[in-house]
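Oh and the sequence shown: position 72 is 187 in the numbering used here, straight run, nothing missing. Glycine included, every Cβ here is placed at the ideal spot set by N, Cα and C. Just so it is clear, the structure is predicted and the values come from calculations on it, not from any experiment. Read through the structure below, which is laid out as C-alpha coordinates, and then see the notes.
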Amino acid sequence: AKSTGVPCPREGCSGELMERKSRRGKVFYGCSRYPDCNFALWDKPVAKKCPECGASYMVEKETKKEGRIIKCAQKECGHKEPAA
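See below:
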(Lines of atoms letter the chains of each structure in order from A; the text may use other names.)
(Lines give C-alpha, C1' and ligand atoms only; values in the text may rest on other atoms or scores of the structure.)
Protein backbone atom coordinates (compact mmCIF):
# COMPACT_ATOMS: atom_id res chain seq x y z
CA ALA A 116 0.00 0.00 0.00
CA LYS A 117 1.21 3.50 -0.89
CA SER A 118 0.86 6.42 1.53
CA THR A 119 -1.13 9.46 0.39
CA GLY A 120 0.06 11.70 3.25
CA VAL A 121 -3.59 12.39 4.14
CA PRO A 122 -4.58 11.61 7.75
CA CYS A 123 -7.73 9.51 8.15
CA PRO A 124 -10.62 11.97 8.56
CA ARG A 125 -12.58 9.65 10.89
CA GLU A 126 -12.84 11.17 14.36
CA GLY A 127 -10.42 9.67 16.87
CA CYS A 128 -8.51 7.69 14.24
CA SER A 129 -4.72 8.05 14.05
CA GLY A 130 -4.35 6.23 10.74
CA GLU A 131 -3.64 7.66 7.32
CA LEU A 132 -5.18 7.04 3.93
CA MET A 133 -3.28 4.52 1.81
CA GLU A 134 -3.60 3.67 -1.87
CA ARG A 135 -4.81 0.08 -2.17
CA LYS A 136 -6.32 -2.23 -4.78
CA SER A 137 -9.70 -3.89 -4.49
CA ARG A 138 -10.13 -7.59 -5.28
CA ARG A 139 -11.11 -6.60 -8.81
CA GLY A 140 -7.95 -4.51 -9.23
CA LYS A 141 -9.64 -1.12 -8.88
CA VAL A 142 -7.62 1.48 -6.96
CA PHE A 143 -9.18 2.83 -3.77
CA TYR A 144 -7.95 4.69 -0.71
CA GLY A 145 -8.40 3.17 2.74
CA CYS A 146 -7.26 3.80 6.30
CA SER A 147 -3.90 2.29 7.36
CA ARG A 148 -5.56 1.10 10.60
CA TYR A 149 -7.92 -1.27 8.76
CA PRO A 150 -9.62 -3.48 10.07
CA ASP A 151 -9.88 -1.26 13.21
CA CYS A 152 -11.00 1.61 10.98
CA ASN A 153 -12.87 0.90 7.75
CA PHE A 154 -12.84 4.43 6.29
CA ALA A 155 -12.36 4.24 2.51
CA LEU A 156 -12.98 6.25 -0.64
CA TRP A 157 -12.65 5.80 -4.40
CA ASP A 158 -11.47 9.32 -5.22
CA LYS A 159 -7.80 10.16 -4.65
CA PRO A 160 -7.44 12.23 -1.46
CA VAL A 161 -5.30 15.38 -1.61
CA ALA A 162 -3.59 16.75 1.51
CA LYS A 163 -5.04 20.23 1.10
CA LYS A 164 -7.51 22.04 3.34
CA CYS A 165 -10.65 23.27 1.59
CA PRO A 166 -10.30 27.07 1.32
CA GLU A 167 -14.08 27.44 1.58
CA CYS A 168 -15.27 25.21 4.44
CA GLY A 169 -11.95 24.18 6.04
CA ALA A 170 -12.44 20.41 5.47
CA SER A 171 -9.19 18.58 6.30
CA TYR A 172 -8.70 17.17 2.78
CA MET A 173 -9.91 17.43 -0.80
CA VAL A 174 -10.25 14.79 -3.54
CA GLU A 175 -9.00 14.62 -7.11
CA LYS A 176 -11.55 13.77 -9.78
CA GLU A 177 -11.49 13.35 -13.54
CA THR A 178 -14.53 14.92 -15.20
CA LYS A 179 -15.55 14.90 -18.86
CA LYS A 180 -16.43 18.59 -18.82
CA GLU A 181 -13.67 20.09 -16.69
CA GLY A 182 -10.85 17.53 -16.94
CA ARG A 183 -8.87 16.93 -13.73
CA ILE A 184 -10.21 18.90 -10.79
CA ILE A 185 -9.70 18.98 -7.04
CA LYS A 186 -12.92 19.26 -5.07
CA CYS A 187 -13.91 19.46 -1.44
CA ALA A 188 -14.52 16.07 0.16
CA GLN A 189 -17.68 17.44 1.82
CA LYS A 190 -20.60 17.03 -0.61
CA GLU A 191 -22.48 19.94 1.00
CA CYS A 192 -19.60 22.35 0.29
CA GLY A 193 -19.22 22.00 -3.48
CA HIS A 194 -15.91 23.91 -3.72
CA LYS A 195 -13.79 22.88 -6.72
CA GLU A 196 -10.69 24.11 -8.52
CA PRO A 197 -8.52 22.94 -11.43
CA ALA A 198 -5.93 20.29 -10.48
CA ALA A 199 -2.39 21.68 -10.51
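Inset, instruction - Report yes if the CB atom of Leu132 is closer than 7 angstroms to the CB atom of Pro150, and no otherwise. - result: no
Inset, instruction - Report the three-state DSSP secondary structure of Ser137 (helix, strand or coil). - result: It is coil, neither helix nor strand.
Inset, instruction - Determine which residues share a DSSP beta bridge with Thr178 and list them. - result: Looking at the DSSP assignment, Thr178 forms a beta bridge with Gly182.
Inset, instruction - From the DSSP output, read off the bridge partner residues of Pro197. - result: Ile184
Inset, instruction - From the DSSP output, in three-state form, read off Cys146 for me. - result: strand
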